[in-house]
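Student: Per my numbering, the sequence shown starts with residue 5, numbered consecutively. Every residue, glycine too, gets a C-beta built ideally from N, C-alpha and C. None of the values given here were measured: they were computed from a predicted structure. Mind having a look at this structure? Questions to follow.
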Amino acid sequence: MSEIDLSSNHCFVCGPENPIGLKIKFIIDDEDICRAEFTPAKTHVGFQDTTHGGIIFSLLDDVMANWLFLKGKPAQTAKCDLRYKNSLHTGETVILEGHHLKTKSRMAMMYGVMKTKEEEKVIAECNAKFMIISS
5 MSEIDLSSNH CFVCGPENPI GLKIKFIIDD EDICRAEFTP AKTHVGFQDT
55 THGGIIFSLL DDVMANWLFL KGKPAQTAKC DLRYKNSLHT GETVILEGHH
105 LKTKSRMAMM YGVMKTKEEE KVIAECNAKF MIISS
């Protein structure tokens with residue numbers, strides 16, 4: 005079995021060395037929530053002026069995964085139940101939040117939400133399970 009590389013330098017969402025990546029910077033705040041901001045550009049469009057659903061999913065997946073990663077518990081998505089609630093238009097800044105719900109054995113239950121920065125309108129939210137990678 006090959007060794008797992010835990011660096012995320014080429015991650016599409018957060019990798020600083022990915023030339024076509026989003027380069028999102030995640031932090032864990034005083035409330036123990038992983039947070040980030042994102043403003044979609046025209047290159048992120050799926051239909052007309054609406055951000056592609058795959059971009060939205062990727063951002064939510066990463067804000068939850070980064071809560072674990074920043075806590076020293078790198079993990080892989082095992083299951084994700086995503087609900088799109090509103091469209092996200094280009095140029096509209098959103099706030100991403102990743103919340104840890106509980107961990108049972110090596111399975112972490114997480115919640116992610118994307119809200120508009122101005123009105124706090126929910127764009128999408130999801131519940132997910134992550135398999136913690138043993139080092």
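Can you tell me where the alpha helix (DSSP H) with V67 in it begins and where it stops?
Tutor: For the purposes of this step, residue 67 is taken as the residue at position 63 of the sequence shown. Looking at the DSSP string, the run of the alpha helix (DSSP H) that includes V67 is G57 to L74.
Student: By Cβ distance below 7 Å, which residues in the same chain neighbour I32 in space, the five residues on each side in sequence not counted?
Tutor: Here residue 32 refers to the residue found at position 28 when the sequence shown is read from its first residue. Around I32: C38, W71 and L74.
Student: Considering just the uninterrupted stretch of the beta strand (DSSP E) at D85, what are its terminal residues?
Tutor: Position 81 of the sequence shown holds residue 85. Residues A79 to Y88.
Student: With which residues is G102 paired in a DSSP beta bridge?
Tutor: One-based indexing of the sequence shown puts residue 102 at position 98. Its beta-bridge partners are C38 and G116.
Student: Put K108 into one of helix, strand or coil per three-state DSSP.
Tutor: Position 104 of the sequence shown, counted from the start, is the residue given in the question as residue 108. Strand at K108.
Student: Using a Cβ-Cβ cutoff of less than 8 Å, which residues in the same chain neighbour K83 once the five nearest sequence positions on both sides are dropped?
Tutor: What you label residue 83 is simply residue 79 of the sequence shown in a count that begins at 1. So the qualifying residues of the chain are A132 and K133.
Student: Does the distance from the CB of D146 to the CB of V17 come in under 8 Å?
Tutor: Beyond the ends of the chain as shown, which are 5 and 139, falls residue 146; an answer cannot be given.
Student: What first and last residue would you give for the beta strand (DSSP E) that runs through I127?
Tutor: In the sequence shown, counting from the first residue as 1, residue 127 sits at position 123. V126 to I136 is the extent of the beta strand (DSSP E) around I127.
Student: If you run the structure through DSSP and keep just helix, strand and coil, what is H48?
Tutor: For this step, residue 48 is matched to residue 44 along the sequence shown. H48: helix per DSSP, three-state reduction.
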